[in-house]
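First to last, the sequence lines map onto chains C and E.
One point on numbering: in our numbering, the residue at position 117 of the first sequence is 122, and numbering is uninterrupted.
One point on numbering: in our numbering, the residue at position 226 of the second sequence is 231, and numbering is uninterrupted.
Number of protein chains: 2
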Amino acid sequence: MTELSATEHDANGSAASPEDEKPRVLRADAARNRALILAAAATVFAERGLEATLDDIAAYAGVGVATVYRRFPNKEALVEALFEESVQQVVDLAMRAEHADDSWNGLVMFLEEVTRMHTENTGLRDLMLHGTYLQDRVANAKDCILPVVTRLVDRAQHDGHLRDDFVVSDIPLIELMLSSVARYTNDIAPELWRRYLGMILDGICSERSTHRALAEGPSVDVVDSALHANHHRH
Amino acid sequence: MTELSATEHDANGSAASPEDEKPRVLRADAARNRALILAAAATVFAERGLEATLDDIAAYAGVGVATVYRRFPNKEALVEALFEESVQQVVDLAMRAEHADDSWNGLVMFLEEVTRMHTENTGLRDLMLHGTYLQDRVANAKDCILPVVTRLVDRAQHDGHLRDDFVVSDIPLIELMLSSVARYTNDIAPELWRRYLGMILDGICSERSTHRALAEGPSVDVVDSALHANHHRH
DNA sequence: GACAAGCGGAGCCACCGACTCCGTTTGACG
DNA sequence: CGTCAAACGGAGTCGGTGGCTCCGCTTGTC
Chain C
6 MTELSATEHD ANGSAASPED EKPRVLRADA ARNRALILAA AATVFAERGL
56 EATLDDIAAY AGVGVATVYR RFPNKEALVE ALFEESVQQV VDLAMRAEHA
106 DDSWNGLVMF LEEVTRMHTE NTGLRDLMLH GTYLQDRVAN AKDCILPVVT
156 RLVDRAQHDG HLRDDFVVSD IPLIELMLSS VARYTNDIAP ELWRRYLGMI
206 LDGICSERST HRALAEGPSV DVVDSALHAN HHRH
Chain E
6 MTELSATEHD ANGSAASPED EKPRVLRADA ARNRALILAA AATVFAERGL
56 EATLDDIAAY AGVGVATVYR RFPNKEALVE ALFEESVQQV VDLAMRAEHA
106 DDSWNGLVMF LEEVTRMHTE NTGLRDLMLH GTYLQDRVAN AKDCILPVVT
156 RLVDRAQHDG HLRDDFVVSD IPLIELMLSS VARYTNDIAP ELWRRYLGMI
206 LDGICSERST HRALAEGPSV DVVDSALHAN HHRH
């Protein structure tokens with residue numbers, strides 16, 4: 006992330022160097038700017054999602070747009086440089102969840118953590134739930150996650166914690182639901198999604214003697230202003 | 006809807022007629038086209054939401070754009086002409102739900118029906134959940150609905166059907182969650198949202214002895230292609 | 001001190017959607 | 001049937017947006 010060298014993206018025109026490696030050494034200021042750009046991109050994409058403009062990111066980083074394009078051939082490359090890591094985090098999370106002591110707790114942890122990641126990083130959510138960037142890489146990550154989560158679900162059902170008619174593919178859709186709540190309420194009630202995760206958990210668990218404690222419900226005003234805010238084109 | 010006369014929108018320049026009413030009689034072809042436009046708008050807005058272009062609607066109606074603008078001063082006016090009725094339907098639904106025999110069934114019916122309306126009419130959903138058009142009128146309708154639904158919720162709680170920590174403002178957010186599922190899966194599994202409504206209902210009801218029967222779960226492929234389809238910008 | 005590497009930001013280009021202009025067509029009425 | 005306002009269509013305008021580039025100036029490095 007904070008390397009001083011970077012693989013440049015311009016096709017090395019005439020130079021007949023056989024190796025494709027171009028560990029070009031950046032000038033000090035260039036390297037510093039590259040780091041600034043990555044940091045800015047992380048922040049801005051996390052806050053506003055992948056629809057953020059490279060101009061926005063450049064401004065946030067305090068550099069010109071051209072400087073961004075000098076380091077990264079295009080938007081997707083920048084996204085790639087940033088999120089390779091993030092999607093891996095989700096894979097790791099699934100693994101951790103699988104090895105939790107209690108299968109139900111593992112499942113709950115997975116749902117909770119992955120939603121938290123999505124809410125804290127709108128860019129990650131865009132990546133996982135809308136297929137606009139890095140489709141291959143994301144599909145790859147999903148292929149890693151699927152079998153793990155499948156085992157998690159199976160185990161929770163086998164242990165009698167999770168209702169029998171639950172299926173793995175319910176999980177992305179539950180994520181989708183929670184993400185949209187989070188999307189709308191993030192600014193005004195950033196933890197509200199936990200309330201709806203709680204309801205859903207109460208809806209899918211087998212032990213039905215009691216309710217879980219829910220996060221406090223939203224006031225009418227909160228919901229009104231959440232739905233009225235116009236910054237949700239997509 | 007199929008009137009032969011229509012209130013024109015151009016300010017009647019010099020004519021000093023004291024009444025603001027302008028029940029201008031349209032020529033036969035104009036009246037026919039107006040009806041075609043309304044029908045087309047109903048279809049197209051329902052299918053693609055309010056982001057549909059007036060050009061799209063004109064094309065669908067088989068007329069030129071100018072013809073649309075000759076009848077309706079702008080997009081919002083057309084939306085208004087169409088959806089006055091739709092939002093009233095939601096108000097009516099709330100009333101019917103309030104007078105259901107069983108308070109829980111009334112609540113379930115309300116959630117079910119309002120979600121069905123949203124899924125069958127993307128335009129209505131845009132109206133209710135994003136504040137881009139007709140804010141006043143929609144706010145008005147919501148003001149009508151709120152007390153009714155509040156009574157519904159109170160009654161369901163009083164009757165011991167609905168968990169005590171549920172609040173009225175949960176309803177719009179539940180709608181939001183179901184709408185986003187429906188948005189993504191409408192093309193490929195149009196009834197899938199019912200499954201998640203079922204889960205949520207199991208999460209919010211007080212009688213926790215049994216699970217409700219859920220609609221069949223989605224296959225991995227269904228979810229994949231639902232999330233991969235790029236036509237969900239907004 | 002020289003010069004390639006780097007820089008900024010104005011500007012280009014392609015696209016989009018709301019809305020209008022204008023030459024042509026057509027229904028209504030005498 | 002003739003007349004003409006009303007209506008028509010669709011090419012075109014306008015304003016906005018976002019990805020990306022051009023080019024004259026600056027700066028780190030050797």
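Cβ atoms here follow ideal geometry from the backbone N, Cα and C, with glycine treated the same way.
Nothing here was measured: the structure is a model prediction, and the numbers come from that model.
Pairing E/Leu116 with E/Ile179 gives a Cβ-Cβ distance under 8 Å. Taking 4 residues as the minimum length, the alpha helix (DSSP H) runs contained wholly in the region 136 to 191 of chain E are 140 to 163 and 175 to 190, in order along the chain.
C/Val119 sits in a helix when the DSSP states are folded into three classes. When Cβ-Cβ separations below 8 Å define contact, C/Val154 makes no contact with chain E.
At least one CB atom of chain E sits nearer than 8 Å to the CB of C/His216. Distance from the Cα of E/Ala45 is smallest, within the candidate group E/Asp164, E/Asp34 and E/Val68, for E/Val68. In chain order, Glu125, Asn126, Thr127, Gly128 and Leu129 place their CB closer than 8 Å to the CB of C/Ala51, counting only its own chain and leaving out the 5 sequence neighbours on each side.
For the pair E/Trp198 and E/Met133, the Cα-to-Cα distance works out to about 18 Å. The Cβ of C/Tyr201 sits closer than 8 Å to at least one Cβ of chain E. Note on C/Arg217: under 16 other CB atoms within 10 angstroms of its CB, so exposed under the neighbour-count rule. 8 Å or more divides the Cβ of C/Glu103 from the Cβ of C/Arg39. When the Cα atoms are used, C/His166 and C/Cys210 turn out to be separated by approximately 6 Å. For C/Ala99, the uninterrupted alpha helix (DSSP H) run begins and ends at Lys80 to Glu103, by DSSP.
Burial of E/Pro223 is indicated by the presence of at least 16 other C-beta atoms within 10 angstroms of its C-beta. Annotation: C/Leu55 is outside any alpha helix (DSSP H) and is labelled neither H nor E by DSSP.
The beta carbon of C/Ser230 lies closer than 8 Å to those of Ile193 in the same chain, with the five residues before and after it left out.
Taking E/Gly136 as reference, the option from C/Ala234, C/Ala36 and C/Met122 with the minimal CA-CA separation is C/Ala234. For C/Ile205, the nearest CB of chain E lies under 8 Å from its own CB, placing it at the interface with that chain. Listed by position along chain C, the residues whose Cβ is nearer than 7 Å to that of E/Pro78 form an empty set, because the closest Cβ is around 22 Å away.
Beta-carbon to beta-carbon, C/Gly208 and E/Ile205 are separated by about 6 Å, close enough to satisfy the 8 Å threshold. Residue environment for C/Ser184: buried (at least 16 other C-beta atoms within 10 angstroms of its C-beta). Pairing E/Pro177 with C/Val228, the inter-Cα distance amounts to about 7 Å.
Beyond the five residues adjoining it in sequence on each side, E/Thr72 comes within less than 6 Å, by CB distance, of Asn38 in the same chain, given in chain order. Residues of chain E whose Cβ lies closer than 7 Å to the Cβ of C/Ser224 are, in chain order, Ser174. Measuring C-alpha to C-alpha distances from C/Val143 to each of C/Val225, C/Ser174, C/Asp170 and C/Val84 identifies C/Val84 as the nearest. By the neighbour-count definition (other C-beta atoms within 10 Å, threshold 16), E/His123 is a buried residue.
Excluding its 5 nearest sequence neighbours in each direction, C/Ala99 has C-beta neighbours in its own chain below 6 Å: Ile150, Val153 and Val154, listed in chain order. The C-beta of C/Ala33 has fewer than 16 other C-beta atoms within 10 Å across all chains shown, which makes the residue exposed.
It is roughly 16 Å from the alpha-carbon of C/Asp107 to the alpha-carbon of C/Arg168. Cβ-Cβ distances below 6 Å link E/Tyr65 to Ala45 and Val49 in the same chain, with the five nearest sequence neighbours on each side left out; the list follows chain order.
A straight line joining the alpha-carbon of C/Val96 with that of C/Ala146 spans about 7 Å.
Taking 8 Å as the CB threshold, E/Asp97 stays off the interface with chain C. The straight-line gap separating the alpha-carbon atoms of C/Leu112 and C/Arg101 is approximately 10 Å. Taking 8 Å as the cut-off, the beta carbon of E/Leu219 is found no closer than this to the beta carbon of E/Arg188. For E/Gly165, not one C-beta of chain C is nearer than 8 Å to its own C-beta. Under the 8 Å criterion on CB atoms, C/Met122 is classed as non-interfacial with respect to chain E.
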